[in-house]
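Read the structure below first, then the notes.
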Amino acid sequence: MIEHLLLGFSVALSPSNLLYCLIGATLGTFVGILPGLSPVTAIAMLLPITFKMSAISSLIMLAGIYYGSHHAGATTAIMLNMPGEPSSVVICLDGHPMAQRGRAGVALCISALSSFFAGCVSVLVVALFSPPLAEAALKFMAPDYASAIVLALVAVAVLSGRSLPMTISMALLGLLLGTVGTDVNSGAQRFTYGFPQLAEGVEFVAVAVGFFAFAEIIAHLRTSEVKQIVDTRVKGLIPTRADFALAWKPVLRGTLLGGALGILPGTGPLLSSFASYALEKRLARNPTRFGHGAIEGIAGPEAAGNAAALTHFIPMLTLGVPAGATMALMLGAMLIQGIAPGPQVMTQHPQLFWGLIASMWIGNMMLLVLNLPLIGIWVRLLSIPYRFLYPTILVFCCVGVYSVNNSYFDVVLAALCGGAGYVLRQLGCSPAPLVLGLVLGPILEENVRRSLILSRGDLSVFVTRPISLVLLLLAVGMVLTFSLPGLLRSRGSDPDIVQP
Amino acid sequence: MAIRDQKEFVAGMLFAAIGAAALIQSFAYELGTITQMGPGYYPACIGMALIVAGTCSIIRAMWRAQPDRLQGLAWRDMIFVLTGVLLFAVLIDRLGLIEAVAALIVMSCFGRIARRPIEVLVIGVALAALSVGVFVYGLNIPISIY
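The listed protein sequences derive, respectively, from chains D and G. According to our numbering, the first sequence holds residues 475 to 974 in order. According to our numbering, the second sequence holds residues 12 to 157 in order.
Printed below as a string of structure tokens:
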């Protein structure tokens, strides 16, 4: 493994990749601080640009945006009681009271350090666990892949919203959109209605931009601007020994919890941070301190959230199955570069894989610098009114989508998806299962077909193969667990999801 | 029986309708058999699943205790933003990036033009310049500028 890490660092430490890492981390922090912009939107917006970059640089940058935004959301949560990211909601509970008592600096410092620690450990976890997982994944045959995809879709659906039939419907809709185009096996044109631009299928970037960026903008246009008097002076960054004594165990627990939960499809930083908060409250000697400035309430969730954000990459990098909407976009980025995701990525493109892992570690370090000393600048950014922001997003998205295929058709498509996405949003449907369905649909069809051909039409192949059976049982288990009404009320939703 | 969860009800109807449409359309493509799937097989299955899921949503909406009334859609915002994007699509090939960006800004900031024309103008000019700089010069994307 050492040679692998050395290879990774040699790739990640090249000047251009360092720059892209910095850009990604900075953009991520920017996106995380501003409440009107979500990391999914930013990644969708930048996907077309990655076309011109090398594969590793684009993944480094996009990854930086992803985990960078999770760090930054805590800043606004602490300073303004306003989470920059859904996963930072839980940080408001104890972070803001600390700020109100003049301990904002300490809160920020502990949250940054917890994130950093969790990040370092998680990078190691990713480095350690990915190769054996990829090797195990090589044993996957067509039915196993099909079941893995079903599990991923079910998991995202289950955790995406309040109604399982609706989220499953969104996933199915995504699968349906994925069938548009030329059928590989027969050459027949499905759902193209004479449009030659649809022969290759629906352009994924256009759909992603439409459903995430455009729909979000339409929904947010009416939101009143939040004008806060921001006290940008943050004094006293260094926590006391007592603070560290209280914080270190939650950080460890959070890292473990988040690291484990992040690997599972569907879950992510949001669920992990909530789970960590609940755990710390349960384990604390004096739970009444929670909600009034308990350091454990920041340290644990921050660690959990960042750990989950990093281990979230594992299923995508090893199996080629994205664990959530953001990962689906990353998969899209790899497909744009002509890299077929799957267990062979590690062997065929080792610089890509290990370079990405190394850069995650570097990115975490950069974020430590970005989040602490430069905090004043970021907080000042909060005063950018949305009315300057959204036209910028619109322009970048439009030009970006156009530039993928030099096709105005894609822009039209994005507009249609924007409209549809907005309507569906207002009806309470989140776009993440759809995007996942779109990306995974063709692969699912391929694998199902292959399975049935090999088994000569025997459907039981999906339950007789052990791996496939386990995956399907997990999917059923998730459906059953989360369908119980009591759990429905208390669970939150995945951060990759845009809330209506 | 009053439908309390209106949102899910409408969503369910929508999904069921889409599923039915997909199912009907896939009959036009060859269905084939399970071992020799024609192009229509997979979409037909998805269509059927959508109908089932949509129906589940409808049923759920009818007995759910928590009301969730339909909120209005922000029609004006939607029309302005999307028209802006569509204008962009139309203009970018026929004219160029600058005209397309200008049209996009005008449409998406339409509500403000009367009140704050200078602000819109500044945004338009800045974004046009920025997009030309980043996309045409920075990334060498072949788009005609005007």
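Note that beta-carbon positions come from the ideal geometry of N, C-alpha and C, so glycine has one too.
- prompt: Would you say the region 837 to 855 of chain D touches the region 501 to 514 of chain D, given that touching needs at least three Cβ pairs under 8 Å?
  reply: yes
task: Classify GLY43(G) as helix, strand or coil using the three-state DSSP reduction.
output: Against the second sequence, residue 43(G) aligns to sequence position 32. Residue state, collapsed to three classes: strand.
- request: Just the C-alpha distance for LEU720(D) and PRO817(D), rounded to the nearest angstrom, thanks.
  value: Taking the first sequence and counting its residues from 1, the one referred to as residue 720(D) is at position 246. Taking the first sequence and counting its residues from 1, the one referred to as residue 817(D) is at position 343. So the alpha carbons of these two residues sit roughly 41 Å apart.
task: Answer with buried or exposed for THR46(G), where buried requires no fewer than 16 other C-beta atoms within 10 angstroms of its C-beta.
output: Numbered from its first residue, the second sequence carries residue 46(G) at position 35. With fewer than 16 Cβ atoms within 10 Å of its Cβ, THR46(G) is classed as exposed.
- request: Locate the alpha helix (DSSP H) running through THR866(D), then write down its first and last residues.
  value: Working through the first sequence from its first residue, we reach residue 866(D) at position 392. That run of the alpha helix (DSSP H) goes 860 to 879.
field: Same chain, Cβ closer than 8 Å to LEU567(D), neighbours up to 5 away in sequence not counted
entry: Sequence index remark: in the first sequence, residue 567(D) carries index 93 (1-based). Hits under 8 Å: TYR751, PHE764, GLY765 and GLY771.
message: Using a Cβ-Cβ cutoff of 9 Å, what residues of the region 857 to 869 of chain D are near chain G? List them in chain order.
response: ARG861, PHE862, TYR864, PRO865, THR866, LEU868 and VAL869
query: Cα separation between ALA616(D) and PRO916(D)?
result: Translated into positions along the first sequence, residue 616(D) becomes position 142. Translated into positions along the first sequence, residue 916(D) becomes position 442. Going by the C-alpha atoms only, they are around 13 Å apart.
query: Between which two residues does the alpha helix (DSSP H) carrying LEU723(D) extend?
result: In the first sequence, residue 723(D) corresponds to position 249, counting from 1. In the sequence as displayed, the identity of residue 723(D) is Lys instead of Leu. Element bounds for LYS723(D): 715 to 737.
message: Strictly below 9 Å CB to CB, what residues from chain G border GLY892(D)?
response: Along the first sequence, one-based indexing puts residue 892(D) at 418. Result: MET89, VAL92, LEU93 and VAL96.
task: Measure the alpha-carbon distance for ALA113(G) versus TYR864(D) and round it to whole angstroms.
output: Translated into the one-based positions of the second sequence, residue 113(G) becomes position 102. Translated into the one-based positions of the first sequence, residue 864(D) becomes position 390. Taking the straight line joining both Cα atoms gives about 14 Å.
query: How is the alpha helix (DSSP H) around THR652(D) delimited, first residue to last?
result: The residue you call residue 652(D) lines up with position 178 of the first sequence. The sequence as given places Gly at residue 652(D); Thr does not occur at that position. Per DSSP, GLY652(D) belongs to the alpha helix (DSSP H) from 638 to 653.
message: Give me the chain G residues within the contact set of MET494(D), using Cβ-Cβ distance strictly less than 7 Å, ordered along the chain.
response: Mapped onto the first sequence, residue 494(D) falls at position 20. Reading the sequence as shown, one finds Tyr at residue 494(D) and not Met. Those within 7 Å of TYR494(D) in chain G number zero; the least Cβ separation is about 14 Å.
query: Can at least three beta-carbon pairs, one atom from the region 529 to 544 of chain D and one from the region 799 to 809 of chain D, be found at a separation below 8 Å?
result: yes
task: Using only the heavy atoms of the ligand MN, determine whether one of them is closer than 6 Å to the beta carbon of GLY951(D).
output: This structure does not include the ligand MN; it has no bound ligands of any sort.
- request: Could you name the residues of the region 62 to 78 of chain G whose beta carbon sits closer than 8 Å to any beta carbon of chain D, in the order they occur along the chain?
  value: ALA64, GLY65, CYS67, SER68 and ARG71
VAL683(D) versus CYS871(D): straight-line alpha-carbon distance, rounded: Within the first sequence, numbered from 1, the residue matching residue 683(D) stands at position 209. Within the first sequence, numbered from 1, the residue matching residue 871(D) stands at position 397. Spanning the two alpha carbons is a distance of roughly 7 Å.
- request: Output, in chain order, the set of chain D residues within a Cβ distance shorter than 8 Å of VAL136(G).
  value: Walking along the second sequence from the start, residue 136(G) turns up at place 125. In chain order: nothing, as chain D lies at least about 12 Å away.
Residue environment, PHE862(D), which counts as buried when at least 16 other CB atoms sit within 10 Å: By one-based count along the first sequence, residue 862(D) stands at place 388. PHE862(D) comes out exposed.
- prompt: Assuming LEU914(D) and ALA626(D) make a contact with CB atoms under 8 Å, what is their CB distance in whole Å?
  reply: On the first sequence, position 440 is the one that residue 914(D) refers to. On the first sequence, position 152 is the one that residue 626(D) refers to. Contact holds; Cβ gap of about 7 Å.
Distance between GLU919(D) and VAL981(D) (C-alpha atoms, nearest Å): Since the first residue of chain D shown is 475 and the last is 974, residue 981(D) is not available in this structure.
- request: Give the DSSP-derived three-state secondary structure of MET73(G) in the structure shown.
  value: Taking the second sequence and counting its residues from 1, the one referred to as residue 73(G) is at position 62. Looking at MET73(G) - three-state DSSP - the assignment turns out to be helix.
field: Cβ contact (3+ pairs, closer than 8 Å) linking the region 802 to 815 of chain D and the region 670 to 683 of chain D
entry: yes
Cβ-based contacts, 8 Å cut-off: residues of the region 651 to 666 of chain D near chain G: THR653, ASP657, ASN659, SER660, ALA662, ARG664 and PHE665
- request: Assuming THR549(D) contacts TRP852(D) (C-beta within less than 8 Å), just tell me the rounded distance between them.
  value: Position 75 of the first sequence, counted from the first residue, corresponds to residue 549(D). Position 378 of the first sequence, counted from the first residue, corresponds to residue 852(D). So it is a contact: roughly 6 Å between Cβ atoms.
query: Would PHE20(G) count as contacting chain D if we go by Cβ distances under 7 Å?
result: The residue labelled residue 20(G) in the question sits at position 9 within the second sequence. By this cut-off, PHE20(G) is not an interface position.
query: Quick one: which chain G residues come within Cβ less than 8 Å of PHE688(D)?
result: In the first sequence, counting from the first residue as 1, residue 688(D) sits at position 214. Chain G residues near PHE688(D): VAL92, LEU93 and VAL96.
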